[in-house]
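Sequential numbering of the sequence shown, starting at 1, is according to the UniProt record's numbering. A virtual CB, placed ideally from N, CA and C, is assigned to each residue, including glycine. All values derive from a computational prediction rather than experimental measurement. The block underneath contains the structure these notes are about, expressed in structure tokens.
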Amino acid sequence: MNLKRWIALGVAALLLVISIGVNTLSSMLSSDFTSIFEEMMATSNTASEYVVEDGSVSDRIAVLTVDGVIQDTGQATSLFATAGYNHQFFMDQLEMIKEDNSIKGVVLKVNSPGGGVVESAQIYDKIMEIKEERQIPIYVSMGAMAASGGYYISAPADKIFVNKETMTGSIGVIFSALNYGEFADKYGFDFITIKTGPYKDMGSATREMTEEERALFQEMANDSYETFVDVIEQGRGMSEAEVKKIADGRIMNGRQAVESGLADDYGYAEDVVAAIKTDLGIENAQVFEYGINQDFTSLFAMKASSLFGGSLETELMGQLLADYSAPRMMYLYGEM
């Protein structure tokens with residue numbers, strides 16, 4: 001075969017590759033790209049188990065982690081999502097534990113200032129479900145902070161371990177609503193509200209809250225507070241009077257938590273794992289954690305967030321703008 005034939009074959013092969021590429025790209029562009037990407041994200045965010053300590057696969061200890069504000073942001077489905085607490089993934093982990101008979105105990109690591117009353121209640125209910133249906137112990141290892149909702153989800157544990165420097169407590173409910181009415185008046189903004197009842201816009205950021213509205217919100221906060229107190233009574237075996245003596249929103253350190261009955265002992269996460277093994281008599285248990293598989297789509301999300309997310313100040317401003325119009329009650333130490 002002469003040189004001209006080889007060149008002709010090469011050109012033909014190149015044209016074939018280009019044609020296939022153009023057709024593929026055209027097909028992608030003409031299809032629903034959003035649904036394709038969502039499918040890629042869904043398949044990438046699957047749970048996997050990562051062995052922390054080798055041991056018996058029939059006697060296993062699951063280690064779960066709540067790190068950050070407990071709230072359902074829907075971040076797992078966002079193209080520009082950043083790493084942090086993933087509420088749905090955490091709930092999925094609890095469900096997997098309930099269905100896995102090889103798991104003989106759970107260590108829950110909590111490093112959180114709390115969060116939404118609904119999300120905290122969801123975690124609490126699922127933990128109680130596991131305790132009732134599986135009859136397995138759950139030990140909590142508190143990190144630097146396990147306050148308010150962070151304590152709420154810890155209360156049903158069989159044992160709670162703290163560090164002396166742990167910040168915990170902050171038992172109570174907080175409700176915050178932004179009011180920029182004066183700012184709007186100063187710069188000539190006029191908000192027009194049409195409503196079907198006197199309280200339809202209660203909590204509005206565009207005007208002062210009335211005393212009647214404040215009383216309604218206070219009643220709601222009081223109801224959530226009583227629920228919080230009940231959770232601690234049941235979980236810690238304390239009386240209502242004992243709980244309310246310290247359930248005034250105060251923050252406390254690990255020593256104060258142990259002395260007040262809110263925690264049992266001191267220890268880091270590895271000490272808690274060792275303790276649950278010893279208490280169950282399964283020193284050879286396998287210890288594992290759940291994780292999300294990260295492939296191209298997850299890595300792209302992190303890079304995109306880094307590229308477009310901007311500075312911390314930008315992220316905080318975005319959070320403020322997203323949250324201001326939806327005031328909510330929180331089991332949270334501090335304010336959002």
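- With 16 or more other CB atoms across the displayed protein chains lying within 10 angstroms of its CB, Met-142 is buried.
- In the DSSP secondary-structure assignment, Gly-116 is bridged to Met-330.
- Annotated three-state conformation of Asp-264 is coil, per DSSP.
- If the five residues before and after Tyr-225 are omitted, its C-beta is found closer than 7 Å to the C-beta atoms of Gly-172 and Val-173, all from its own chain and listed in chain order.
- Fewer than three beta-carbon pairs drawn from the segment 270–277 and the segment 183–198 are found closer than 8 Å, and the two stretches are therefore not classed as touching.
- Counting along the chain, Tyr-85 sits inside no alpha helix (DSSP H), nor does DSSP assign it H or E at all.
- In this structure, Gln-286 lies away from Ser-120, with their beta-carbon atoms at least 8 Å apart.
- As the crow flies, the alpha-carbon of Val-140 is around 22 Å from that of Lys-244.
- With fewer than 16 other Cβ atoms from the protein chains shown falling within 10 Å of its own Cβ, Lys-200 counts as exposed.
- Of all C-beta pairs linking the segment 243–258 to the segment 164–171, three or more are shorter than 8 Å, placing the two stretches in contact.
- Contact between Ile-136 and Pro-156 is absent: CB atoms are separated by about 13 Å, not below the 8 Å threshold.
- Separation of Gly-334 and Ser-176 (C-alpha to C-alpha, rounded to the nearest whole angstrom) is 10 Å.
- Boundaries of the beta strand (DSSP E) harbouring Phe-161: 159–162, taken from the DSSP string.
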